[in-house]
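**Student:** Chains as they are written, first to last, in our numbering: chain A, -9 to 332; chain B, -9 to 332. Just so it is clear, CB atoms sit at the ideal spot from N, CA and C, and this is done for glycine as well. This is the structure I have questions about; it appears just below.
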DNA sequence: ATGAAAGCGCTAACAA
DNA sequence: TTGTTAGCGCTTTCAT
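Structural data, given as structure tokens:
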């Protein structure tokens, strides 16, 4: 691999001149520029990013840390982060914690030792050790898919209240009056917002959703199954149910089918996320799409901006980007049956 | 962040001594070692990986390049590569080409400029420019999920012939005699192997699979749909069908349902991969599992070994690891109906 | 067993 | 506008 020095020798200039030509930050005469550029082309020179990274303490590298790979939401985050980062000349190091505290710590540490430009976190915990390290190091960081108590870390999220509202409005517009909801873990703020959006919209429209018909899940398939069992076993009446992600919605839907409830004839089901599986099922799941690409675009933008600004202390405005989710109409919602369900 | 120099000063030794203590490659007296280790602990020193990367021309970084994120197979590759790499102290840079030639080139180039230790490719093309670059640079590389014409690049694959055999054997054992198959793109060697495994096993057992009942797909959902349309429209008789990945199998299954064919009562369907969606469907898809974790473990092992050996020219043994797929029995296969299907 | 010094490839003062 | 020099943080001869 050719180095700056090779180019300099070939072009008959100093290495700093070559560096200037490459970085275009300091004026170089047109003539010299031409020579240097020719030399660069001739030996197909590309600056070594490790050397640059050592010198500048950043090297166009972004880290993304996700809690798991099984949920398509997280692979979508990785996908679009990589896509948008690469478009901007950044590469991305990927790390998956599996919600393992130690691994999260190791990951963060290694990323720091690599002089990365910034980190994007999906779903980090409020109490995470990571947050302290982030404070200490001043490393640009963005959190996506949830917010934290402390608001000094930039966040990109969807309008979670709106997602609940959209679900409720759609179901209400079909004529439903009795509802149930399967939430994510209630210690997460966005989950409470989603729930509020759903329940408040329903109540404002005169619909009914009992407290006991709001069942806490954990975003996994099985918790959708269990929630339906609970709802049915305790005799809750509902014709419309919203699960706060697609996996739970699918679990719920399958379970209802097993228990003889027809979707959407007897119960309408909605999810959130719009994962691939949601349209491969029969009936296809009506859901609410998260704008994954937009989320990542914003997150990457923030990292790049922060990293270029340097850590200008004054610049501590709170950054919070809120994006709008969108209804995806498919086959699991319909008007409620004429008479009340069992 | 503390540096080697800080440790050296604190311990009252030279930086080279500290380096030796860390790398344990050159003897250091027990006493000095103790001092240095204490100093390291005291200031919580961790060697900067960028500096090390510059100096050593490798920095415990592995690249993985996939063609897309939509197929769960590829995210699984990323998942387990990261998992196993991290276990060995490596981080991974992820790149997705979207089958875009230019991006593949840029990605490779950037990885090289980062002095990575090696690259894992999923599904690179035979004619790829990348292969030439790989030759030139001597960078450790492994290809997974397909083989290349040229065999000097290490490969980790499943026994694709066996996957076809397993599918056929299962269907035959249920009593099926008439078959169809939806393949991947036939220009890929593993696809031809899978097809051979399936067809040859069927024929050896006295079953029937017409040439025209082997339909070429492209591994995507839609091609499964189209294949079923073709098979049904052209009046092919079959009670057992194998699609060479789960997406096509699901497409096929949904399409058959739409056209009034009951799965598994009238037709048995099998896939390959064992993606998450396959068990969320109803009926759950009977399929063949790829040992994703094992594939990645092997790939990472090879990279690490190759990268540590250095490029010992003599050491050019062909590396090819073949792993066994495994039948996953679920609900889409059953004995064929008593009378022939339409 | 240890230290001094050079250098990986780059950028950024500082001089000229 | 350009070159010289130092240095990012580490490893590795080469001395001692």
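State buried or exposed for residue 168 of chain B, treating a residue as buried only when at least 16 other CB atoms are found within 10 Å of its CB.
**Tutor:** Flag for residue 168 of chain B reads buried.
**Student:** Pick helix, strand or coil for residue 230 of chain A, following the three-state DSSP scheme.
**Tutor:** Residue 230 of chain A falls in the strand class under three-state DSSP.
**Student:** Unbroken beta strand (DSSP E) runs of length 3 or more, entirely within the stretch 238 to 269 of chain B: which are they?
**Tutor:** Here the runs fully enclosed are 258 to 260.
**Student:** Strictly below 9 angstroms CB to CB, what residues from chain B border residue 76 of chain A?
**Tutor:** In chain order: 85, 86, 93, 96, 97, 100.
**Student:** For chain A, is any of its Cβ atoms less than 7 angstroms away from the one on residue 36 of chain B?
**Tutor:** At least one chain A Cβ lies under 7 angstroms of residue 36 of chain B.
**Student:** State the beta-bridge partners of residue 316 of chain B as determined by DSSP.
**Tutor:** Its beta-bridge partners are B:279.
**Student:** Counting only C-beta atoms, is residue 114 of chain B closer than 7 angstroms to chain A at any point?
**Tutor:** False, the Cβ-Cβ gap to chain A never drops below 7 angstroms.
**Student:** Smallest Cα separation from residue 96 of chain A: which of B:76, B:41, B:83, B:282?
**Tutor:** Cα-wise, what sits closest to residue 96 of chain A is B:76.
**Student:** Is the Cβ of residue 59 of chain B closer than 7 angstroms to any Cβ of chain A?
**Tutor:** It does; some Cβ of chain A falls within 7 angstroms.
**Student:** Can you check whether the CB of residue 276 of chain B is closer than 7 angstroms to the CB of residue 229 of chain B?
**Tutor:** Against a cut-off of 7 angstroms, the Cβ pair of residue 276 of chain B and residue 229 of chain B comes out as no contact.
**Student:** Spell out the partners DSSP gives residue 145 of chain A in its beta bridges.
**Tutor:** Residue 145 of chain A pairs with A:133, A:310.
**Student:** Three or more beta-carbon pairs under 8 angstroms between the stretch 182 to 194 of chain A and the stretch 150 to 160 of chain A, yes or no?
**Tutor:** With the cut-off at 8 angstroms, the stretch 182 to 194 of chain A and the stretch 150 to 160 of chain A touch.
**Student:** So is residue 82 of chain B in contact with chain A if we call contact Cβ pairs under 7 angstroms?
**Tutor:** Yes, its Cβ sits closer than 7 angstroms to a Cβ of chain A.
**Student:** For residue 179 of chain A and residue 138 of chain A, what's the separation of their Cα atoms in angstroms?
**Tutor:** Cα-Cα distance, rounded: 8 angstroms.
**Student:** Using C-beta distances below 8 angstroms, list every residue in its chain close to residue 304 of chain A, excluding the 5 sequence neighbours before and after it, in chain order.
**Tutor:** With a pLDDT of 46 at residue 304 of chain A, under the threshold of 50, the modelled position of that residue is not reliable, and the figure given next carries that caveat. Contacts found: none.
**Student:** Does residue 254 of chain B come within less than 7 angstroms of chain A when only Cβ atoms are used?
**Tutor:** It does not: the Cβ of residue 254 of chain B has no partner Cβ on chain A nearer than 7 angstroms.
**Student:** Grab the span of the beta strand (DSSP E) containing residue 51 of chain B for me, first residue to last.
**Tutor:** 51 to 56 is the extent of the beta strand (DSSP E) around residue 51 of chain B.
**Student:** Report the neighbours of residue 244 of chain B on chain A: residues whose CB is nearer than 8 angstroms to its CB, in chain order.
**Tutor:** Simply 270, 272.
**Student:** So which residues on chain A does residue 65 of chain B lean against when the C-beta distance must stay under 7 angstroms?
**Tutor:** Those are 59, 65, listed as they occur along chain A.
**Student:** Would you be able to state if there are at least three C-beta pairs under 8 angstroms between the stretch 282 to 293 of chain B and the stretch 87 to 105 of chain B?
**Tutor:** Short answer: they don't touch.
**Student:** If we count the other Cβ atoms within 10 Å of its Cβ and call it buried at 16 or more, is residue 243 of chain B buried or exposed?
**Tutor:** Flag for residue 243 of chain B reads buried.
**Student:** Smallest Cα separation from residue 164 of chain B: which of B:195, B:177, B:184?
**Tutor:** It is B:195.
**Student:** Would residue 39 of chain A pass as an interface residue toward chain B - the criterion being a Cβ-Cβ separation below 7 angstroms?
**Tutor:** Interface residue, yes.
**Student:** Taking buried to mean at least 16 other C-beta atoms within 10 Å of its own C-beta, is residue 263 of chain B buried or exposed?
**Tutor:** That one is buried.
**Student:** Under 8 angstroms Cβ to Cβ from residue 18 of chain A, same chain only, skipping five residues before and after it: list those, please.
**Tutor:** So the list reads 7, 10, 11, 26, once near-sequence residues are dropped.
**Student:** In three-state DSSP terms, what is residue 100 of chain A?
**Tutor:** Here residue 100 of chain A sits in helix by DSSP.
**Student:** Which residues in chain B have a C-beta closer than 9 angstroms to the C-beta of residue 151 of chain A? List them in chain order.
**Tutor:** In chain order: nothing, as chain B lies at least about 28 angstroms away.
**Student:** Given this structure, state the Cα-to-Cα distance separating residue 331 of chain A from residue 193 of chain A, to the nearest angstrom.
**Tutor:** Legend: pLDDT at residue 331 of chain A = 49, less than 50; position of this residue unreliable, value from coordinates given subsequently. For residue 331 of chain A and residue 193 of chain A, the distance between alpha carbons rounds to 20 angstroms.
**Student:** Can you name the residues of chain B whose CB is closer than 7 angstroms to the CB of residue 240 of chain A?
**Tutor:** Per Cβ cutoff of 7 angstroms: 270.
**Student:** Give me the Cβ distance between residue 65 of chain B and residue 54 of chain B, rounded to the nearest whole Å; I'm assuming they're in contact under 8 angstroms.
**Tutor:** That pair is no contact at about 11 angstroms.
**Student:** Could you give the C-beta distance for residue 245 of chain A and residue 218 of chain A, rounded to a whole number, given that I count them as a contact under 8 angstroms?
**Tutor:** Their Cβ separation, rounded to whole angstroms, is 4 angstroms, which keeps residue 245 of chain A and residue 218 of chain A in contact under 8 angstroms.
**Student:** Mapping DSSP to helix, strand and coil, what is residue 38 of chain A?
**Tutor:** If DSSP states are grouped into helix, strand and coil, residue 38 of chain A belongs with coil.
**Student:** In the DSSP assignment, what residue or residues form a beta bridge with residue 170 of chain B?
**Tutor:** In the DSSP output, where bridge partners are listed per residue, residue 170 of chain B has B:231.
**Student:** Let me check understanding here. Comparing Cα to Cα, which of A:293, A:24, A:15, A:34 lies closest to residue 3 of chain A?
**Tutor:** When each option's Cα is compared against that of residue 3 of chain A, the closest is A:24.
**Student:** Do residue 184 of chain B and residue 234 of chain B have their C-beta atoms within less than 7 angstroms of each other?
**Tutor:** Against a cut-off of 7 angstroms, the Cβ pair of residue 234 of chain B and residue 184 of chain B comes out as a contact.
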